[in-house]
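Single-structure report; data block below.
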Amino acid sequence: MSTTTQTPDAVVPPEPEVDENDVENDADEPEDTTPGTGETKKKKKKKKPKKKKPEQSDPPRIGLSKFFPDGIYPEGEIQHYKDDNAWRTTSEEKRDDERRLNEDPETTYQSIRKGAEVHRLVRQHARKNIRPGMSLTEIVESIEAGTRALAEGDGLEAGVGFPTGVNLNNCAAHYTPNAGDTTILQNGDVLKVDIGVHVKGRILDSAFTMSWAPEYENLIQAVKAATDTGIREAGIDVRLGELGGLIQETMESYEVEIGGKVYPVKSIQNLSGHTITPYQIHGGSKGKSVPLVRTADQTKMEEGDYFAIETFGSTGRGRIVENGDCSHYARIFDAPNVALRLTSAKSLLKTINKNFGTLPFCRRYLDRLGESKYLLAVSASLVGKK
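Right, dumping it as structure tokens:
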């Protein structure tokens, strides 16, 4: 059964196994006889101390294998198909097809569920601790340190799925601070935090919006409701153009009052959700897009597809334009082999292949790996800009 899942709100670590010797069993105890009385009493046996449940640190920095030693991670919320798709659930043939589709141990649901649990803990801590006065660099470095620690990886096996986005106000997406960025979060800002986690190339892509100004609350609620609609209405055989219409209908049923003026909330026409494939955040050249407005796209969701349903609401024109410094990069998955003339470009490509493959990265990650003087190589179109 193919389903859309959300990460759970809370997880209780598995109960520690109880050794038989840890339990006091009076029936098997030898008895003492008190001289002169004939009375007997049982010996007292000290209980062995029970193993304590592990506790996550604050900020979260303890790897998840300590909490889930059996490698079985929590399931998310399962959204069942609607009645008109019930045969997909009840058909044994369909269930067998999907089981075989997901049998590869390297792309098992457990990798996705582990990534989801990492994301949940990191996201939970970020929501509680991000506040005005913090720098954008401080925010992303804390999130990424938590991701690496919990996923127990910092490379192609597990770790950060893409650079953490911290998008302020009219910046919709794809900004992470480069070295030297001194931007400080202000009380009146609207902040979109986009966090990526991956385990064995299975990328978890989820974002949330924060604001400390009450006037933006209705805008945030509009986007949440639109996301919920997209998740609820998704499923096998759903046409993407129609799904976009349902998202738009929910989003644009809201309005927001800012500074005494009422604005309609609009879906962003030229942003969309997307499929995710192993090590490819946007699903590669054959990826599918989930629009935020109704379109004529007749493409269907299918068994085995993984989607990031992303919704963006605006009080502006409802369209985005590319602007500002580039901060996200990625090696093009199917780029042809080209002879590199620059020695710096060859060295940089080696670093990228070893540490990121086709996962997105940013300049801060290159700095962290000790790379320097790489901007010319990046400008030489060695990698794609996001």
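Its first residue numbered 1, the sequence shown is counted upward by one per residue in UniProt numbering. Every residue gets a Cβ at the ideal spot worked out from N, C-alpha and C, and that includes glycine. Keep in mind that this is a model prediction, so the values were computed, not measured.
Does the Cβ of residue i have 16 or more other Cβ atoms within 10 Å, making it buried, or fewer, making it exposed?
i           : result
residue 80  : exposed
residue 373 : exposed
residue 321 : exposed
residue 237 : exposed
residue 69  : exposed
residue 332 : exposed
residue 111 : buried
residue 376 : exposed
residue 336 : exposed
residue 184 : exposed
residue 317 : exposed
residue 253 : exposed
residue 9   : Any answer about residue 9 is weak, because its pLDDT of 41 lies below 50 and its placement is not dependable; what the coordinates show is given next. Under this definition residue 9 is an exposed residue.
residue 309 : buried
residue 27  : Because the pLDDT of residue 27 is 44, which lies under 50, any placement of that residue in the model is unreliable, and the number read from its coordinates should be weighed accordingly. Flag for residue 27 reads exposed.
residue 205 : buried
residue 72  : exposed
residue 106 : Caution applies to residue 106, whose pLDDT of 48 falls short of 50 and renders its modelled position unreliable; the value that the coordinates give is listed next. The residue in question, residue 106, is exposed, as its Cβ has fewer than 16 Cβ neighbours within 10 Å.
residue 234 : buried
residue 262 : exposed
residue 244 : buried
Starting from residue i, trace the beta strand (DSSP E) in both directions and tell me its first and last residue.
i           : result
residue 280 : It is not in any beta strand (DSSP E) - residue 280 carries neither H nor E in the DSSP assignment.
residue 387 : The structure shown does not extend to residue 387, since the chain is modelled only from 1 through 386, so no value can be given for it.
Out of the options, point me to the one whose CA is closest to residue i's CA.
i           : options            : result
residue 288 : 307, 145, 270      : 307
residue 62  : 190, 225, 199, 153 : 153
residue 240 : 112, 319, 272      : 272
residue 200 : 58, 341, 113       : 113
residue 193 : 176, 187, 175, 166 : 166
residue 367 : 279, 196, 74, 177  : 177
residue 145 : 171, 58, 191, 253  : 58
residue 209 : 281, 196, 168      : 168
residue 388 : 161, 174, 242, 230 : A question about residue 388 goes unanswered here, because the residues of the chain that appear run from 1 up to 386.
residue 181 : 290, 326, 73, 311  : 326
residue 171 : 319, 330, 351, 304 : 319
residue 226 : 249, 348, 212      : 249
residue 315 : 259, 275, 359, 346 : 259
residue 187 : 123, 214, 349, 120 : 214
residue 137 : 119, 175, 123      : 175
What residue range does the alpha helix (DSSP H) around residue i cover?
i           : result
residue 124 : 109 to 129
residue 289 : Looking at the DSSP string, residue 289 is not in any alpha helix (DSSP H); the run it does join, the beta strand (DSSP E), is 289 to 291.
residue 226 : 217 to 233
residue 153 : It is not in any alpha helix (DSSP H) - residue 153 carries neither H nor E in the DSSP assignment.
residue 365 : 363 to 368
residue 250 : 240 to 251
Hey, how far is the Cα of residue i from the Cα of residue j?
i           : j           : result
residue 179 : residue 298 : 43 Å
residue 361 : residue 47  : 53 Å
residue 4   : residue 109 : Model confidence at residue 4 stands at a pLDDT of 42, short of 50, so the residue's coordinates are unreliable; what they give is reported in the following sentence. Spanning the two alpha carbons is a distance of roughly 12 Å.
residue 264 : residue 228 : 19 Å
residue 207 : residue 49  : 43 Å
residue 267 : residue 52  : 49 Å
residue 56  : residue 344 : 42 Å
residue 116 : residue 126 : 15 Å
residue 21  : residue 54  : Residue placement at residue 21 is poorly supported in this model, since its pLDDT is 43, which falls under 50; the coordinates still yield a value, given next. So the alpha carbons of these two residues sit roughly 21 Å apart.
residue 232 : residue 77  : 11 Å
residue 270 : residue 341 : 37 Å
residue 312 : residue 357 : 29 Å
residue 364 : residue 163 : 9 Å
residue 323 : residue 329 : 15 Å
residue 339 : residue 197 : 33 Å
residue 190 : residue 67  : 35 Å
residue 256 : residue 128 : 25 Å
residue 378 : residue 132 : 33 Å
residue 283 : residue 130 : 31 Å
residue 391 : residue 347 : Here the chain comprises residues numbered 1 to 386, so residue 391 is not present and cannot be evaluated.
residue 202 : residue 293 : 27 Å
residue 355 : residue 303 : 31 Å
residue 195 : residue 290 : 19 Å
residue 155 : residue 351 : 11 Å
I'd like to confirm the pairing. Which residues does DSSP put opposite residue i in its beta bridges?
i           : result
residue 263 : 256
residue 53  : Answer is none; residue 53 lacks a bridge partner.
residue 358 : According to DSSP, which records beta bridges pairwise, residue 358 is partnered with nothing at all.
residue 159 : 198
residue 306 : Per DSSP, none; premise fails for residue 306.
residue 135 : 184
residue 317 : According to DSSP, which records beta bridges pairwise, residue 317 is partnered with nothing at all.
residue 333 : Residue 333 pairs with nothing; no bridge assigned.
residue 165 : 194
residue 273 : 290
residue 204 : 197
residue 210 : 191
residue 47  : Residue 47 is not bridged to any residue.
residue 300 : 239
Are there any heavy atoms of the ligand GDP lying less than 6 Å away from the beta-carbon of residue i, as far as the coordinates show?
i           : result
residue 120 : This structure lacks the ligand GDP, and indeed carries no ligand of any kind.
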